[in-house]
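Everything on this sheet refers to the single structure shown next.
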Amino acid sequence: MCGIVGYVGNKPAVPILLEGLKRLEYRGYDSAGIALAEIGRLIVQKKIGKVSQLEKELNSFNVVAAGIGHTRWATHGAPSDINAHPHTDCKNEIALIHNGIIENYNAIRTKLEKDGHVFKSATDTEALVHLIEEMKKYSGDLETAVRLALRQVEGTYGIAVISSKEPDKIIAARKGSPLIIGIGENENFLASDAAAIVDYTRKVVYLEDGEIAVICKNSVDTKTIDNKTTEKQVEQVTIDLAQIEKGGFSHFMLKEIMEQPETLRNAMRGRVLLEEGNAKLSGLDGVKSVLENAQRIILAACGTSWHAGLVGEYMLEQYGKVSVETEYASEFRYRDPIVKPGDVVFLISQSGETADTLAALHEAKQKGAAVLGICNVVGSTIARESDGGVYIHAGPEIGVASTKAFTSQLVVLSLVTLLIARQRGMSEKEGRNICAKLLELPQKVQAILHRATEIEKIAEELKDSSNFLYLGRGYNFPVALEGALKLKEISYIHAEGYPAAEMKHGPIALIDENMPVVVIAPKDRTYEKIISNIQEVKARHGKVIAIVNEVDPRIAALADYLIQVPETADFLSPVLTIIPLQLLAYYIAVKRGCNIDQPRNLAKSVTVE
Ligand code: G6P
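Encoded structure:
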């Protein structure tokens, strides 16, 4: 959500800022802007639309100056040139970009307007830049003014500020929105996401909540908001550039779908102990006894990660024999949940930055539970603030609709399940059987991917439908939710996921010859029941797209389209059944001419509540 990039050094800033913004565009893309600070002059250019729109208008390509750039996902104030960041003060000396929400902006604005400040935009952010201007009257220097202003601010922020009075530096600060400082030679960088700066440096410093950084070309000083110096460690980012490029695919989403055999191998590498029938998850070593003794496990997440959590709940209860609840992170925090010391709360998040999931972590920690992260982004806030956890190692996921992260989350949850189940009495033999099934998954996913053209043909026939229903039972009920979410996100077709048996309690009223119904029907213990559900759909002339293990003549006689996936253990079946649904959503969206990697109104990483 909103991308931030900054540069101080001896090179022209604009090309570096632009490259960074393009890499960050998946985080937000309704408008973009840059600001450069020279002695006595601030250059600000901003534009509604994508970074490419801004690029067409830019004319400061050769200016060597400290610069900041922003790509926006609107919260307060509709997307427009004026509401785009950077925002400036009355004298046009200070420019600020911001990720997050200033919750008390109205009160700040009203007071500052009374004091004579003139506001240009409808954003919460502009209040902060005027407040800094006001504080400068007392402090003189920019850093102190930023610190004084931030003490009056409620809400969340990752900010970057420059001034034409002190053009040699960027002031950055964070509370609830990630910021990373890239360390170069005679140059330094700032970004909300490492992807923006890995072209230039791999050395980074993670800013913590409550910290302010003064970034000059030869120095980076960090302090707390109370002006106490903090010592920072320089860390290495390991992202490979090829991972954040499309590599010949027409969209990141397709690339990421196709990468799944490899990403699943990466999620399992070194962790599946076939001989012992167990899982080795080093990030959980420190909490082994906590896991063993936990009376209750809570899985908190949002979006696709929440769907993975639901599958995890089924697995952990069936095999781990422990009571599990899956919670929307956003609800968990506000409903005063009962969490006790001894409980274990897993936070599942691809980005590791989702504001609601992070808030759930804080809530659980404060109530004494052990908090464990299942994250993709290494070094992300949730990963760093957890007591332990497991990285899913899916590599950077750029497509806004999550695909490879979902299947890797499922595999990691299976490994966690195996570990806990073995602690609680699962036999070595059963453990070995699960390990073997896990290791077979990548090649089975590959076999489904080979069917992409078949699925593309189905997409062609269904692309003009206005509604879809997705039905699944047991482990495949969350897959029905996830399949429907994929379609909604990128093709803007209304779709609903339902437990197949619940169809009779409402959605059946919607079924007619225009309603495609995707039924996930692998050969598991609910197979016979789901055949009856298919019959109910056909009796009302719905079009059935069935995901099956084998071409059973009974389903073949009923379904309009069949997509085969290999058999596996029931609890691993979602890793396979979701693949055709990802492809179906992808091809339908392509055929409808939608923007696959940047669907309207969505953002990859939601760092506001
Ligand atoms: C956004 C993304 C989804 C993602 C959700 C949770 O809505 O568009 O793809 O599932 O956030 O994100 P997280 O990074 O916490 O998994």
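In our numbering, the protein residues as written are 751 to 1359.
Quick reminder that beta carbons are idealized off the backbone N, C-alpha and C, glycines included.
Going by the C-beta, is residue i closer than 7 Å to any heavy atom of the ligand G6P?
i       : result
THR825  : no
GLN1348 : no
GLY1053 : yes
VAL964  : no
ALA1151 : yes
ALA1353 : yes
THR838  : no
SER1099 : yes
THR1104 : yes
VAL1356 : yes
THR1107 : yes
Buried or exposed: residue i, going by 16 or more other Cβ atoms within 10 Å of its Cβ?
i       : result
TYR1220 : buried
ALA1296 : buried
HIS867  : buried
ILE1338 : buried
GLN1045 : exposed
PRO1303 : exposed
SER1282 : exposed
LEU1024 : exposed
PHE1218 : buried
ARG1019 : exposed
ASP1214 : exposed
ARG1083 : buried
GLN725  : The requested residue 725 is not part of the displayed model; the chain covers only 751 to 1359.
GLN1116 : exposed
LYS796  : buried
LEU991  : exposed
ARG1223 : buried
Whole angstroms are fine: how far does the CA of residue j sit from the CA of residue i?
i       : j       : result
ARG924  : ARG1201 : 46 Å
ARG884  : ASP1035 : Going by the sequence as given, residue 884 is Glu instead of Arg. Near 51 Å, if we compare the C-alpha coordinates of ASP1035 and GLU884.
ASP1274 : VAL1298 : 10 Å
GLU1180 : ALA1307 : 37 Å
LEU1322 : GLY1027 : 16 Å
HIS848  : ALA1234 : 33 Å
LEU771  : ILE975  : 28 Å
ILE851  : GLN803  : 25 Å
ALA1133 : ALA1259 : 45 Å
HIS1112 : LEU898  : 26 Å
LEU1168 : SER927  : 34 Å
PRO1257 : LYS841  : 59 Å
ALA922  : VAL896  : 9 Å
ASP971  : VAL1195 : 48 Å
GLU958  : GLY1129 : 11 Å
ILE766  : ILE1148 : 20 Å
GLU904  : LEU1165 : 40 Å
ILE858  : GLU876  : 10 Å
ASN1226 : TRP1056 : 14 Å
GLU1239 : TYR1078 : 18 Å
LYS861  : LEU881  : 10 Å
ASN961  : GLY1070 : The sequence as given places Glu at residue 961; Asn does not occur at that position. The straight-line gap from Cα to Cα measures roughly 41 Å.
PRO829  : ARG1174 : 53 Å
VAL794  : GLU843  : 10 Å
ALA1155 : ILE1142 : 7 Å
So, with DSSP's three-state summary, where would you put residue i?
i       : result
ASN1217 : strand
LYS1030 : coil
CYS840  : coil
ASP1320 : helix
GLU1382 : Past the boundaries of the shown model lies residue 1382; the chain is included only from 751 to 1359, so the question cannot be answered.
VAL1287 : helix
ARG859  : helix
LYS797  : strand
PRO1266 : strand
VAL764  : helix
Between residue i and residue j, how many whole angstroms is the CB-CB distance? I'm expecting something under 8 Å.
i       : j       : result
PRO1091 : GLY1118 : 4 Å
VAL1094 : LEU1041 : 6 Å
ILE818  : ILE920  : 6 Å
ILE1284 : ALA1319 : About 23 Å; that fails the 8 Å criterion.
SER810  : LEU786  : 6 Å
THR1107 : ALA1144 : In fact, because the Cβ distance is near 17 Å, the residues do not count as touching under 8 Å.
ILE989  : VAL954  : In fact, because the Cβ distance is near 10 Å, the residues do not count as touching under 8 Å.
ARG773  : ALA946  : 5 Å
LYS806  : GLU775  : At roughly 15 Å, the Cβ-Cβ gap does not stay under 8 Å, so LYS806 and GLU775 are not in contact.
ILE1007 : TYR1336 : 7 Å
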